[in-house]
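Peer 1:
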Amino acid sequence: EAAGLPAGKCDVYKTLLGGGFGRRGAGPVHDYVRQAVLIAKQMPGTPVKLLWTREEDMTHGAYHPITQCRLTAGLDDNGEITGLRVRISGQSILAGIMPGRLRAGMDPVTFQCLAPKGDHAISYGFPTLLVDHAMRNPHLRPGFWRGVNANQNVIYLECFMDELAHIAGQDPLAFRLKYMKDHPQSRAVLTAVADKAGWGTPAPKGVFRGLAHCNAFASYVAACAEVSVTPDGVVKIHRIVAATDPGHAVNPQQIAAQVEGSFVYGLSAMLMGECTVKDGRVEQQNFDTYEVMRIKDMPKVEAEVLPSGGFWGGVGEPTIAVAAPAVLNAIFAATGRRIRDFPLKNAGLRMA
Numbered sequence: 001e002a003a004g005l006p007a008g009k010c011d012v013y014k015t016l017l018g019g020g021f022g023r024r025g026a027g028p029v030h031d032y033v034r035q036a037v038l039i040a041k042q043m044p045g046t047p048v049k050l051l052w053t054r055e056e057d058m059t060h061g062a063y064h065p066i067t068q069c070r071l072t073a074g075l076d077d078n079g080e081i082t083g084l085r086v087r088i089s090g091q092s093i094l095a096g097i098m099p100g101r102l103r104a105g106m107d108p109v110t111f112q113c114l115a116p117k118g119d120h121a122i123s124y125g126f127p128t129l130l131v132d133h134a135m136r137n138p139h140l141r142p143g144f145w146r147g148v149n150a151n152q153n154v155i156y157l158e159c160f161m162d163e164l165a166h167i168a169g170q171d172p173l174a175f176r177l178k179y180m181k182d183h184p185q186s187r188a189v190l191t192a193v194a195d196k197a198g199w200g201t202p203a204p205k206g207v208f209r210g211l212a213h214c215n216a217f218a219s220y221v222a223a224c225a226e227v228s229v230t231p232d233g234v235v236k237i238h239r240i241v242a243a244t245d246p247g248h249a250v251n252p253q254q255i256a257a258q259v260e261g262s263f264v265y266g267l268s269a270m271l272m273g274e275c276t277v278k279d280g281r282v283e284q285q286n287f288d289t290y291e292v293m294r295i296k297d298m299p300k301v302e303a304e305v306l307p308s309g310g311f312w313g314g315v316g317e318p319t320i321a322v323a324a325p326a327v328l329n330a331i332f333a334a335t336g337r338r339i340r341d342f343p344l345k346n347a348g349l350r351m352a
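Yeah, the sequence shown ends on 352 if you go by this note's numbering, and it's all consecutive.
Quick look at the structure:
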C-alpha cells in the first residue's frame, strides 16, 4: 500500500528472529515498514536501511491497554460463592488496531482467562457468572504486550479469590480447589506449586506465601511466591515456584527458560512498569525511566513442566499472568494490605 504497487510485485523476506513481543504482530503497528518504503520511493535504486533509536521506538509504540475492574461476589452462610460478576472498563486492543475482528461491538480478546470456554477459559466453576466489558478507548494506540489481557485479568480474578477466601475464613488453596472440580489440569498445576513450595507448612521467619493460577493460551499455569515486606515498604521476593502444563513438552529446558523470562516481564510490570503521557507524548524514553528487573533483583524461579497431553499450548506468555497476583497475595499475607493500583512503586513499595 505504501509503495503503490500490487501485492504480487512486492517480495517480503522475513528473518527468523524472536523478540517481537507484539510489536510485529499486527499490520497497523508496522509503521516502521511504511516509513522505510516511503523513504525508499524517494531514492529509486538505492537500498534503504531504517533504524529507530530506542527513544523513538518507546515514544512511538503501541501500548498495553489501561483497564479497571469491579468484581462483586455473593457468599452464603457457609462461606460458599453463590455468584460472581466481573465488569471490566477500559481500552480495546482490537478496536484500536484490528476493528474488523470485533464481534457485535465487543472485543473477545478482552475476556482472556475469563471466557466461558476455549484457550482462555476461566478455571473455576461458579453457580452463576457474569463477565462484561465497558469499552473506553483513549487516543493512545494500544498493542499486544506480551501476555495481552491475561495479565490484568488474572490479577483481578486471583486477588479477588484470595480476598474471598480471607473473608470466608478459609485457606486460599483449599478455597480455590473447591471450585476447580471440573478443571483437573488447573488443579494439578496449582497443587504442584503448593506442594513444592511447602504450602501449609511454616515459611521462614518474616516470609509469606501467595498463590495464583490461570488457563491462558491453551496452557495451565500456577505460581507460589515467597515474599517479605519491611515496615518501611521494602519488598523482597525470595522465591517463585511455577508449574506449566502446555499439553506437550518437546524441550522442557526451553520451556523452563520461557517461564523464567515470563517472571522477569511480569514482576517488572507489577513493580515498576509505567508509561505516562504529558502534552500528548509518552514521557518514558529509555530504561532509565522505564525500569525493568535487574539480575540482582530477580528471585529464584523453580519451574516445573507438567505436560498432560492434549492440546499444544503456549509457554512464552501464560506464566506472565500469574507472576503479579502470586506476589500481591503474598504481600497481603505479610501486611494485610490489598494493592489495587499499579505499579507498586506508586503505592509506597519498592524493591529491596
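Positions of the beta carbon are idealized from the N, C-alpha and C atoms, including for glycine.
Does the Cβ-Cβ distance between G313 and A218 come in under 8 Å?
Peer 2: Cβ distance < 8 Å, so G313 and A218 count as in contact.
Peer 1: Assuming A243 contacts V301 (C-beta within less than 8 Å), just tell me the rounded distance between them.
Peer 2: Rounded, the Cβ-Cβ distance is 11 Å, inconsistent with contact.
Peer 1: If we count Cβ pairs, one from each stretch, closer than 8 Å, do we get three or more for the region 316 to 325 versus the region 265 to 280?
Peer 2: Verdict: yes, contact present.
Peer 1: With a 10 Å radius around its C-beta and 16 neighbouring C-beta atoms as the bar for buried, classify N251 as buried or exposed.
Peer 2: Exposed, since its Cβ has fewer than 16 Cβ neighbours within 10 Å.
Peer 1: Leaving out five residues before and five after V131 in sequence, what residues of the same chain have Cβ atoms less than 7 Å from its Cβ?
Peer 2: Cβ neighbours of V131 beyond the five flanking positions: V86, F111 and L114.
Peer 1: Taking 8 Å as the threshold, find out whether the region 274 to 283 comes into contact with the region 43 to 62 through three or more Cβ pairs.
Peer 2: Taking 8 Å as the limit for Cβ pairs, the verdict is that the region 43 to 62 does touch the region 274 to 283.
Peer 1: Excluding the 5 residues flanking E158 on each side, which residues of the same chain have their C-beta closer than 6 Å to its C-beta?
Peer 2: The answer, listed in chain order, is A212 and P325.
Peer 1: Comparing alpha-carbon positions, which option in A95, L75, G348 and N329 lies nearest I240?
Peer 2: The candidate whose alpha carbon is nearest that of I240 is N329.
Peer 1: From D232 to K345, what does the alpha carbon distance come to, in whole angstroms?
Peer 2: In a straight line, the C-alpha of D232 is about 13 Å away from that of K345.
Peer 1: Could you tell me which residues DSSP pairs with H133 in its beta bridges?
Peer 2: The partner list for H133 (beta bridge, DSSP) reads I88.
Peer 1: Between F160 and A334, which are expected to be in contact by the criterion C-beta below 8 Å, what is the C-beta distance as a whole number of angstroms?
Peer 2: 19 Å between Cβ atoms; not a contact.
Peer 1: Go through its chain and collect everything with a Cβ distance to L129's Cβ below 6 Å, but skip five positions before and after it.
Peer 2: So the list reads L84, once near-sequence residues are dropped.
Peer 1: Is G74 near the ligand SAM - that is, is its Cβ less than 7 Å away from at least one heavy atom of it?
Peer 2: In the structure shown, the ligand SAM is absent, as is every other ligand, since no ligand is present at all.
Peer 1: My output table needs one value for I39: the three-state DSSP class, helix, strand or coil.
Peer 2: In this structure, I39 counts as helix in the three-state DSSP scheme.
Peer 1: Classify D279 as helix, strand or coil using the three-state DSSP reduction.
Peer 2: D279: coil per DSSP, three-state reduction.
Peer 1: Between which two residues does the beta strand (DSSP E) containing S219 stretch?
Peer 2: From DSSP, the beta strand (DSSP E) with S219 extends over S219 to V229.
Peer 1: Just the Cα atoms here: how many angstroms apart are F144 and K117?
Peer 2: If I take the Cα positions, the gap works out to 22 Å.
Peer 1: Roughly how many angstroms separate the alpha carbons of T82 and I88, rounded to a whole number?
Peer 2: Cα-Cα distance, rounded: 20 Å.
Peer 1: Taking 8 Å as the cut-off, does the region 88 to 99 touch the region 135 to 143 (at least 3 CB pairs, one atom from each stretch)?
Peer 2: Contact holds: three or more Cβ-Cβ distances are below 8 Å.
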